[in-house]
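The structure under discussion appears below in the form of structure tokens.
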Amino acid sequence: MKTTGNTIFISGGSAGIGLAIAQKFSALGNKVIINGRNTERLEKALTKLSNAVAIQGDLSIEADRIRIAEDLKANHPDVNMIINNAGAAFGYLLSETTNAHKKAEIEMNTNYIAVIHFTELMLPHLLTKDVAVIANVSSLAVFGSHKFLPTYGATKAALHCYTVALRMTYEDTKNLQVYEIYPPLVNTAFSAEIGGENGIPPEEVADEFLIALENNQFEVPVGETKKYAAAVAEAISKIS
Ligand SMILES: NC(=O)c1ccc[n+]([C@@H]2O[C@H](COP(=O)([O-])OP(=O)(O)OC[C@H]3O[C@@H](n4cnc5c(N)ncnc54)[C@H](OP(=O)(O)O)[C@@H]3O)[C@@H](O)[C@H]2O)c1
2 MKTTGNTIFI SGGSAGIGLA IAQKFSALGN KVIINGRNTE RLEKALTKLS NAVAIQGDLS
62 IEADRIRIAE DLKANHPDVN MIINNAGAAF GYLLSETTNA HKKAEIEMNT NYIAVIHFTE
122 LMLPHLLTKD VAVIANVSSL AVFGSHKFLP TYGATKAALH CYTVALRMTY EDTKNLQVYE
182 IYPPLVNTAF SAEIGGENGI PPEEVADEFL IALENNQFEV PVGETKKYAA AVAEAISKIS
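Take the sequence shown: its position 31, counting from 1, is numbered 32 in my numbering, and each next residue is one higher.
In structure tokens:
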């Protein structure tokens with residue numbers, strides 16, 4: 002996949018991993034469209050980017066997803082890459098809460114249902130492009146449970162299964178590439194309550210995604226995730 006001259010929508014592009022990806026691709030000569038809920042945060046992020054615009058909206062809300070997709074198609078019809086990066090996570094202990102099901106519902110809605118719906122909204126448009134990309138940001142959490150993120154991992158595992166199914170569905174459609182980016186612990190506000198300061202910088206995720214795009218490498222495990230992805234791939238190769 003070419004890494005310049007694209008028009009790229011990045012959900013959650015005003016901070017953390019999304020902003021790092023926006024900065025990298027903006028510097029490479031792509032147009033970037035960043036999204037987030039907080040307008041001030043978006044405005045601040047735009048000062049760090051060139052050839053960039055923002056679309057405010059909460060992707061966990063169905064009406065916002067429809068509005069954002071309509072805005073993209075009407076005002077940025079060149080959009081050919083969608084990076085589904087915005088996510089939700091609650092750090093807590095199952096022994097210290099009585100509403101884990103409510104937290105799980107919010108996480109599942111943002112990390113899984115919203116991505117499926119937004120993809121459905123944008124897919125017909127993307128399929129009109131010479132080459133289009135959908136990149137979903139999952140997590141190292143796909144590969145195991147975390148005591149302090151007890152309901153988050155399953156949402157990213159669900160996103161992983163969906164992403165693989167989407168890739169398989171369109172594998173004969175030469176103009177659609179489906180990527181999955183699996184960050185390990187990354188030093189962002191998102192991970193602050195689970196020791197995120199020990200994580201890798203978000204720029205490392207952006208760098209790995211860029212290399213993956215250059216190589217049409219659809220699975221993008223980053224940092225520590227590589228050893229888990231390799232172990233799973235080896236185990237599967239032995240039974241298939
Ligand atoms: N940090 C980690 O250790 C880590 C590890 C593995 C995977 N991930 C995944 O990486 C993704 C990005 O995480 P991050 O660490 O970069 O988080 P972050 O630094 O907190 O940034 C999150 C971004 O998403 C936006 N956002 C959050 N909820 C949104 C919503 N409902 N609709 C639209 N925008 C929304 C935020 O802006 P507003 O708040 O203004 O909306 C912000 O721009 C998430 O999917 C996360 O699960 C993170």
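Just so it is clear, CB atoms sit at the ideal spot from N, CA and C, and this is done for glycine as well.
Determine the contact status of residue i and residue j, defining contact as a CB-CB distance below 8 Å.
i, j, result
"Ile84", "Ala16", "no"
"Ile201", "Val187", "yes"
"Ile182", "Val134", "no"
"Thr164", "Met109", "no"
"Ile35", "Ala64", "no"
"Phe210", "Ile11", "no"
"Ala87", "Thr120", "no"
"Ser27", "Leu50", "yes"
"Lys32", "Asn52", "yes"
"Lys74", "His118", "no"
"Asp79", "Thr174", "no"
I'd like to know whether the C-beta of residue i is nearer than 8 Å to at least one C-beta of chain D.
i, result
"Asp79", "The question asks about chain D, but that chain is absent: this structure has only one protein chain."
Please name the residue or residues paired with residue i in a DSSP beta bridge.
i, result
"Leu177", "Ala133"
"Val33", "Ile9 and Ala53"
For residue i, which of helix, strand or coil comes out of DSSP?
i, result
"Phe149", "coil"
"Val221", "strand"
"Lys49", "coil"
"Thr8", "strand"
"Asn85", "strand"
"Val187", "strand"
"Gly14", "coil"
"Val138", "strand"
"Ile182", "strand"
"Arg66", "helix"
"Asp72", "helix"
Go to residue i, then tell me how far its alpha helix (DSSP H) extends in each direction, as first and last residue.
i, result
"Phe119", "Ala115 to Leu127"
"Val206", "Pro203 to Glu215"
"Ile18", "Gly17 to Ala28"
"Met2", "Note, Met2: premise wrong, no alpha helix (DSSP H); not H, not E."
"Gly92", "Note, Gly92: premise wrong, no alpha helix (DSSP H); not H, not E."
"Ser241", "Run containing Ser241: none; DSSP gives neither H nor E here."
"Val165", "Gly154 to Thr170"
Since residue i is in the beta strand (DSSP E), which residue starts that stretch and which ends it?
i, result
"Gln57", "Ala53 to Gln57"
With burial defined as no fewer than 16 other Cβ atoms inside 10 Å of the residue's Cβ, what is the status of residue i: buried or exposed?
i, result
"Glu106", "exposed"
"Val233", "exposed"
"Ile240", "exposed"
"Gly30", "exposed"
"Gly14", "buried"
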